[in-house]
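Here the structure comes first, spelled out in structure tokens, and everything after it is commentary.
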DNA sequence: GATTTTATTTGTCCAGGACAAAAGAGGTGA
DNA sequence: TCACCTCTTTTGTCCTGGACAAATAAAATC
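See the structure below:
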């Protein structure tokens, strides 16, 4: 069996590290250290790709590449999350642990059923706040610690999305404000957006879900076409922080002044405040923002 | 109001054209023709970005960049789809046209309700084959012709996904084969995958939906963990054709020989056959493939 | 201890050359 | 007319190595 190797494009695809970054790391730190094929092009062995994925994971937690690339192999799971982790780890809820166990056992049907039961018992709002949100935290943490595989996280996300969507569909049509929910290109994480949609819909807002990955100019056009009062975006931790401010400024400038711009998600934690953009630090704040809007627009 | 300009990274984000391509086009064809900012970096005006998006759209239809970049502004909607378009344009169904009209009117609730009705009347299989598939064609065509905005396509996709998912959720658990459905990184289009899931589930297969954008190695691990009989992937026309063969070969090599690999979607049309990979030209062929598998594995 | 200043780290951009895979054009034979 | 082979052009991707500004850490000052 041929040891499979990766082209630089394949590494970019599977790690999320750009070709430029891969080349400059090699030049500066000596890692990765790919061999060359007959054509002089980089050819990455699988184990280096694996290590790069681990490095990317630790970087999303706040570690710096210089340290990670210098340290040998001992940089494994020994590294604790370095992000200023204010939030205390969620209380070790036995039922949540059970749900995690179902995912780990790859029991899709069992997980979905358990989630439905929990939803029926808690109601949608508490389900989102007390079940989905902490579960997402737990799964994210387990993945960062290497206890969850990528596909296990995907399965969790996909099944949870289904439960949420199904529940949202049963809600009556909202009366306002009109909220447009989406994310920018290269930001595919939609679970946070769905949780927000559930909460906003419960509060009687009229949500227009446009899925993920809308180019900025199209977000503007959609807002005009739908006469949206508020545009709500989400950025995950995996999104390059560096690009966020420029993006939001561009969007804010293009959006008519009457429309509000709300942004949430883990990727916003390290972004400085931007004029005319409301940064939502969590779901509680999202609900508060809606109440504020209602207070400021009494007649609608 | 400042005319907003784009950095090269923003253009890549919003057009899907890589930085390398943008630079080499500029060198070879003289377009795009960005000005430079104080720092010597490219700064693209909005109208050039708009034209680039149009060019990308026409390229996905089979046009070649050399012609498109030489032609002046007359390259507008006058260019017909150049793809060997075997499929006759779907019969102008009045009801489908009505559904298109609802999207065009941005009537999300009305569209969703109309789709639900249609689903109830037709049943899931005919709904997928006779409603969703032709609608997706129509929307794609309208978008290519410039009659639909990006956000209108997104709205259609998002709402249709919801209807399909909801319907899939009501189906009883399948008995086999176990089918793992997903797509590779940078391929976010999920509607085709969902339609396939609906059809396969109707035929009694056990579908494991993992959402989109799974790195190759994780697809392999997921297949092992779930003991999947078949891995089914989808590539849209927007996915870079050039990368597909290498990707599939890598996946095929890493996947144990007993597992089948099925691939569908518009992006496969121009890909030559690959050993050990079953290319599905349409949904009818997908159903046939499942029947074949059943015939070859009688005892399960 | 809090805030400003300096130093280091780090990602992105640039130019322009090279090359192989894909697509078209042209030619040959059934 | 159609299928198949060969040659030419087109086109996307990769390469090197330099440069710089934004982000971060470290040092210095109040």
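Chains as they are written, first to last, in my numbering: chain A, 23 to 322; chain B, 23 to 322. Backbone N, C-alpha and C fix where the C-beta goes; we use that ideal spot for every residue, glycine too.
Return the CA-CA distance between residue 290/B and residue 303/B, expressed in angstroms with no decimal places.
Position 268 of the second chain, counting from 1, holds the residue named residue 290/B. Position 281 of the second chain, counting from 1, holds the residue named residue 303/B. Computed Cα separation, rounded: 8 Å.
Along chain A, in chain order, which residues have C-beta atoms closer than 8 Å to that of residue 248/B?
Here residue 248/B corresponds to residue number 226 of the second chain, with the count starting at 1. Simply 128.
What are the boundary residues of the alpha helix (DSSP H) that includes residue 117/B?
Within the second chain, numbered from 1, the residue matching residue 117/B stands at position 95. Per DSSP, residue 117/B belongs to the alpha helix (DSSP H) from 116-126.
Of the residues that make up the segment 224-253 of chain B, which ones have a beta carbon closer than 8 Å to any beta carbon in chain A?
230, 231, 232, 233, 234, 235, 236, 237, 238, 239, 240, 241, 243, 244, 247 and 248
What runs of the beta strand (DSSP E), each 3 residues or longer, lie entirely inside the segment 265-318 of chain B?
282-286
Length at least 3, wholly inside the segment 34-101 of chain A: the beta strand (DSSP E) runs in chain order:
64-67
For residue 260/B, which of 77/B, 44/B and 52/B has the nearest alpha-carbon?
Start at 1 with the first residue of the second chain, and residue 260/B comes out as number 238. Of the candidates 77/B, 44/B and 52/B, the one whose C-alpha sits nearest the C-alpha of residue 260/B is 77/B.
Inter-residue spacing [alpha-carbon to alpha-carbon] between residue 66/B and residue 204/B
Numbered from 1 along the second chain, position 44 holds the residue referred to as residue 66/B. Numbered from 1 along the second chain, position 182 holds the residue referred to as residue 204/B. Between residue 66/B and residue 204/B, the C-alpha separation is close to 35 Å.
For residue 258/B, the first and last residue of its enclosing beta strand (DSSP E)
Mapped onto the second chain, residue 258/B falls at position 236. Element bounds for residue 258/B: n/a, residue is neither H nor E.
Do you know how far the Cα of residue 190/A is from the Cα of residue 198/A?
Against the first chain, residue 198/A aligns to sequence position 176. Against the first chain, residue 190/A aligns to sequence position 168. The alpha-carbon atoms of residue 198/A and residue 190/A are separated by roughly 16 Å.
Is residue 193/A helix, strand or coil when you go by DSSP?
Taking the first residue of the first chain as position 1, residue 193/A is located at position 171. Three-state result, residue 193/A: coil.
Three CB pairs or more closer than 8 Å across the segment 264-277 of chain B and the segment 294-303 of chain B:
yes
Consult DSSP for residue 231/A and reduce its assignment to one of helix, strand or coil.
Position 209 of the first chain, counted from the start, is the residue given in the question as residue 231/A. Three-state DSSP puts residue 231/A in a strand.
Give me the chain A residues within the contact set of residue 176/B, using Cβ-Cβ distance strictly less than 7 Å, ordered along the chain.
As a working note, residue 176/B is residue 154 in the second chain. The answer, in chain order, is 232, 233 and 236.
In this structure, does DSSP put residue 203/A in helix, strand or coil?
Taking the first residue of the first chain as position 1, residue 203/A is located at position 181. In this structure, residue 203/A counts as strand in the three-state DSSP scheme.
Report the residues of the segment 36-67 of chain A with a CB closer than 7 Å to any CB of chain B, ordered along the chain.
36
Coarse secondary structure for residue 27/B, derived from DSSP in three states
Within the second chain, residue 27/B is the residue found at index 5, counting from 1. If DSSP states are grouped into helix, strand and coil, residue 27/B belongs with the strands.
When we look at the beta-carbon of residue 192/A and count the other beta-carbons within 10 Å, is it buried (16 or more) or exposed?
Along the first chain, read from residue 1 onward, the residue named residue 192/A stands at position 170. The residue is exposed, with fewer than 16 neighbouring Cβ atoms inside 10 Å.
Check whether the Cβ atoms of residue 237/B and residue 172/A sit closer than 8 Å, and answer yes or no.
Here residue 237/B refers to the residue found at position 215 when the second chain is read from its first residue. Here residue 172/A refers to the residue found at position 150 when the first chain is read from its first residue. Taking 8 Å as the Cβ cut-off, residue 237/B and residue 172/A qualify as a contacting pair.
Between which two residues does the alpha helix (DSSP H) carrying residue 240/B extend?
Within the second chain, numbered from 1, the residue matching residue 240/B stands at position 218. Its alpha helix (DSSP H) spans residues 238-247.
Anyone know if the C-beta pair for residue 73/B and residue 64/B falls short of 8 Å?
Along the second chain, read from residue 1 onward, the residue named residue 73/B stands at position 51. Along the second chain, read from residue 1 onward, the residue named residue 64/B stands at position 42. Not a contact, by the Cβ cut-off of 8 Å.
From which residue to which residue does the alpha helix (DSSP H) around residue 145/B run?
Stepping through the second chain from its first residue, residue 145/B is reached at position 123. That residue, residue 145/B, is in no alpha helix (DSSP H); it is neither H nor E in DSSP.
Report the option in 176/A, 270/A, 306/A and 144/A whose CA atom is closest to the CA atom of residue 328/B.
This structure does not reach residue 328/B, given that chain B is present from 23 up to 322, and the question cannot be answered.
Kindly indicate if chain A contains any beta-carbon less than 8 Å away from that of residue 261/B.
By one-based count along the second chain, residue 261/B stands at place 239. Not closer than 8 Å to any Cβ of chain A, the Cβ of residue 261/B fails to qualify, so no.
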